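Colleague:
Chains as they are written, first to last, in the working numbering: chain A, 1 to 296; chain B, 1 to 579.
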């Protein structure tokens with residue numbers, strides 16, 4: 001059937017329209033009465049081509065030079081694309097989490113993007129500040145591009161800010177990630193990082209929004225981190241190292257602004273858990289959180 | 001007093017054999033003059049006009065906001081022309097950005113069509129453009145800016161062309177009812193907001209409570225299957241409008257529902273209501289409790305009268321309706337937004353100050369898989385199969401419909417970030433009242449009910465068929481034809497004089513009113529028989545509708561979805577008619 005259509009297409013095409021094929025499809029008129037077989041359809045196409053004007057008698061008015069001049073006036077260099085920008089520059093700043101955590105910890109996760117649908121610059125940052133310690137934070141700059149309806153691929157760099165109180169140097173990473181909306185509306189973000197000394201990290205985060213009402217929204221969130229090798233100084237072990245699972249209940253006063261409360265539990269696994277035990281830190285920890293989420 | 005004056009005028013008009021030409025709106029009589037009555041927006045009639053586009057401060061939502069207006073009013077003045085005359089319109093742009101006026105549905109030379117950068121060079125700030133053309137048609141139309149998003153900001157108004165020949169119906173009163181949607185937000189900020197959070201206004205999503213209720217009413221497995229289907233598509237069945245009453249104030253003749261405009265009548269009189277949907281993004285469902293609407297024209301063209309209780313009007317469409325209230329009471333002309341998030345209204349009353357209550361908004365409808373052309377495959381399965389750009393649904397044969405060719409999707413839709421779904425088995429569905437209007441106990445106008453009074457002069461069979469799919473990505477808020485945005489699309493080329501069939505298939509979950517400039521679109525039924533001549537054809541989700549077009553207008557013409565933000569986001573093509 002498709003082959004026949006293709007043949008019909010070839011038969012009914014003339015050079016003047018050939019260049020349009022890539023963008024809209026044309027085929028010969030479907031006869032008024034439905035064809036009984038494919039062969040009939042084919043034959044009728046050819047008939048249409050031979051006597052395209054049948055059966056009507058209508059002829060459009062003859063054109064004058066005045067008509068021609070009015071039809072294609074001088075546009076003075078203007079192009080409609082200048083007044084109808086279908087991929088305008090847009091930017092957005094989002095604070096997904098800006099929160100106080102039990103134990104007087106200040107934590108945040110946010111991003112900003114600038115650009116067009118065809119490509120955007122993403123800035124992402126995540127971090128926390130515990131009492132008695134300096135800020136532990138990362139900042140990323142990534143170039144993001146859509147690869148299909150739901151997914152963007154991002155490539156860029158990440159910088160971990162030095163934490164002198166723990167004796168951690170700043171570190172730089174290359175980053176390659178995806179983010180998007182998975183079926184059933186799970187918001188997914190996964191990024192692989194390659195460090196200066198060959199260390200590797202894989203980080204994935206999944207969020208879901210459960211609508212209690214259209215303003216009271218319960219958001220489960222899970223974030224998992226895996227490392228390629230042990231780093232005793234930082235207390236990080238190879239393999240799955242940490243999982244954070246949170247549940248936050250927010251109230252959207254406006255779409256752009258929502259206070260929330262929640263609870264978050266962090267687990268350490270494998271060698272990471274071992275390092276923690278060694279220095280007397282807990283392997284699992286639960287914290288109450290309260291914060292605001294906003295964007296503009 | 002007013003009544004007496006009207007009665008006298010009525011008799012006078014009948015005597016003049018103008019075929020029942022207007023009373024209420026003021027007589028058209030050359031040259032142009034402004035006619036303002038206490039309850040009527042300004043009317044400019046004649047064949048010589050001075051119009052100025054400029055910034056104005058308006059107060060619609062309760063605080064001062066900036067609008068862009070024509071002659072300082074919102075909506076702009078009603079323009080009244082006469083068929084066969086040459087009209088001259090000097091349009092000055094006192095606004096600080098490029099502007100233009102497009103005469104929607106009017107047949108004219110391309111350089112008079114008013115699309116900057118396509119059909120002419122536009123009107124620069126401080127500049128002026130002289131529109132002059134001969135009016136070759138009659139009926140109810142409208143005009144609006146076709147530059148950037150100025151239409152949302154207030155550059156629109158009604159346009160009436162009085163016919164040379166007597167009209168095939170009679171009436172004593174004649175009122176324009178121009179519907180629109182207003183927001184204090186700068187339209188560009190609204191557009192950017194849609195890019196950031198396209199579901200911003202969807203405050204009607206289904207909740208946990210709805211799930212529990214549905215599970216109780218329809219059973220747990222059916223409810224899970226339904227949620228699974230929508231979840232698989234990553235869409236919401238409550239997504240009926242991208243922008244709704246959460247953002248918009250709906251207006252009729254520029255007035256809010258709580259401060260509405262009134263038109264007067266004497267019981268027994270016939271009133272012609274010229275409905276114009278000048279909204280940027282809103283479909284309205286119109287009814288007048290207590291009155292039957294006799295639809296006598298669509299998009300300015302006479303139709304065989306059809307009596308209904310309610311009609312849906314897509315952005316850019318016009319309908320002329322005759323009603324005849326016999327009681328000495330007030331009536332509400334009620335126009336609710338398709339997603340039931342608000343309404344606009346006017347009052348028809350025997351005396352000033354009388355008012356009837358607004359009916360309650362109808363229950364909000366939910367989209368179904370059937371609405372999106374996924375019928376007959378089992379709802380849950382259809383959702384999974386049909387959606388997601390990766391699927392290759394080419395070649396599904398559905399022989400059920402005479403006019404339906406095997407459905408294949410353009411290759412350009414595959415793997416395209418701008419395409420988030422494809423319909424599976426679209427049909428014309430011209431006899432469908434539309435979502436939210438089915439089985440509501442009222443007679444609702446359907447496209448299948450519309451019959452042009454006159455057949456098109458061009459009786460030729462279309463020599464070729466051009467199929468275009470309406471596509472989009474709701475999340476990214478990008479729109480196009482065949483997955484291609486305007487800025488990336490090649491013009492669709494027609495040869496002067498040819499008769500073509502344009503087939504439109506909706507591969508999105510939203511309804512799109514598609515407007516072709518410069519030429520009529522003759523809507524066909526499923527068998528390819530002519531139904532009605534229109535300038536704007538609405539294409540609901542899951543449908544495939546076809547029109548015949550005679551390419552009898554040389555030049556470059558816009559062809560686009562009349563949801564303003566969809567057009568801006570790429571759902572537009574240039575149609576180039578060449579020799």
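Note that the Cβ used here is the ideal one computed from N, Cα and C, for glycine as well. Quick caveat: nothing in here was measured; it's all calculated off a predicted structure.
1. Terminal residues of the continuous alpha helix (DSSP H) containing residue 134/B?
2. Answer yes or no: do residue 136/A and residue 172/A have a C-beta to C-beta separation smaller than 7 Å?
3. With a cut-off of 8 Å on the beta carbons, I'd call residue 545/B and residue 523/B a contact; round off their distance for me.
4. Taking just the CA atoms, how far does residue 306/B sit from residue 442/B?
5. Mapping DSSP to helix, strand and coil, what is residue 268/A?
6. Return yes when the Cβ of residue 417/B is within less than 7 Å of the Cβ of residue 146/A, no when it is not.
7. I'd like to know whether the C-beta of residue 183/A is nearer than 7 Å to at least one C-beta of chain B.
8. Alpha carbon to alpha carbon, how far is residue 474/B from residue 234/B? Give it in angstroms, no decimals.
9. Please classify residue 167/B as buried or exposed, where buried requires at least 16 other C-beta atoms within 10 Å of its C-beta.
10. At the level of alpha carbons, what is the spacing between residue 45/B and residue 172/B?
11. What residues from the segment 59-75 of chain A come within 9 Å of chain B, judged by C-beta to C-beta, listed N to C?
12. According to DSSP, simplified to helix, strand and coil, what is residue 205/B?
13. Measure how close the beta-carbons of residue 245/B and residue 99/B come, nearest whole angstrom, since I'm counting them as under 8 Å.
14. Out of 539/B, 227/B, 511/B, 452/B, state which residue places its alpha-carbon closest to the alpha-carbon of residue 212/B.
15. Mark residue 136/B as exposed unless 16 or more other C-beta atoms lie within 10 angstroms of its C-beta, in which case mark it buried.
16. Could you pull the start and end residues of the beta strand (DSSP E) that residue 189/A belongs to?
17. Which class does residue 116/A belong to by DSSP, given the choice of helix, strand or coil?
18. Taking the C-alpha atoms as reference points, what is the distance between residue 110/B and residue 349/B?
19. Would you tell me roughly how many angstroms separate the C-alpha atoms of residue 193/B and residue 201/B, rounded to the nearest one?
20. With a cut-off of 8 Å, do at least 3 Cβ pairs link the segment 329-337 of chain B to the segment 139-156 of chain B?
21. At the 7 Å Cβ level, is residue 240/A part of the contact set with chain B, yes or no?
22. Are the C-beta of residue 333/B and some C-beta of chain A separated by less than 7 Å?
23. Quick one, which residues of the segment 147-180 of chain A are near chain B if we go by CB-CB under 8 Å, in chain order?
24. Mind checking who residue 478/B pairs with in its DSSP beta bridge?
25. Checking 7 Å against the spacing of the C-beta atoms, do residue 77/A and residue 117/B come in under that value?
26. Considering only their Cβ atoms, is the gap separating residue 237/A from residue 272/A smaller than 7 Å?
27. Taking 8 Å as the cut-off, does the segment 450-466 of chain B touch the segment 500-516 of chain B (at least 3 CB pairs, one atom from each stretch)?
28. List the whole-angstrom C-beta distance separating residue 345/B from residue 260/B, where the pair is believed to meet the contact cut-off of C-beta under 8 Å.
29. When the Cα atoms are used, what is the spatial distance from residue 59/A to residue 480/B?
30. Would you call the CB atoms of residue 289/B and residue 359/B closer than 7 Å?
31. Need the endpoints of the beta strand (DSSP E) that residue 285/B sits in, please.
32. Entirely within the segment 153-200 of chain B and at least 4 residues each: give me those alpha helix (DSSP H) ranges in chain order.
33. Assign residue 245/B to one of three DSSP states: helix, strand, or coil.
34. In whole angstroms, what separates the C-alpha of residue 574/B from that of residue 506/B?
35. Let's see if you can read the secondary structure: which residues bound the beta strand (DSSP E) around residue 150/A?
36. Between the segment 124-153 of chain B and chain A, which residues of the former have CB atoms less than 7 Å from a CB of the latter, in chain order?
Modeller: Reading it off the structure:
1. That residue, residue 134/B, is in no alpha helix (DSSP H); its beta strand (DSSP E) goes 128-134.
2. no
3. Yes, they are in contact, since the Cβ atoms of residue 545/B and residue 523/B sit about 7 Å apart, within 8 Å.
4. 14 Å
5. Three-state DSSP puts residue 268/A in a strand.
6. yes
7. yes
8. 10 Å
9. buried
10. 19 Å
11. 59, 60, 61, 63, 66, 67, 68, 69, 70, 71, 72, 73, 74, 75
12. coil
13. About 28 Å separates the beta carbons of residue 245/B and residue 99/B, which is beyond the 8 Å limit, so they are not a contact pair.
14. 227/B
15. exposed
16. 186-195
17. strand
18. 42 Å
19. 10 Å
20. no
21. no
22. no
23. 147, 148, 149, 150
24. Residue 478/B pairs with 473/B.
25. no
26. yes
27. yes
28. 5 Å
29. 33 Å
30. Residue 289/B places its beta carbon less than 7 Å from that of residue 359/B.
31. That run of the beta strand (DSSP E) goes 284-287.
32. 187-196
33. coil
34. 19 Å
35. Here residue 150/A belongs to no beta strand (DSSP E), and DSSP marks it neither H nor E.
36. 147, 148
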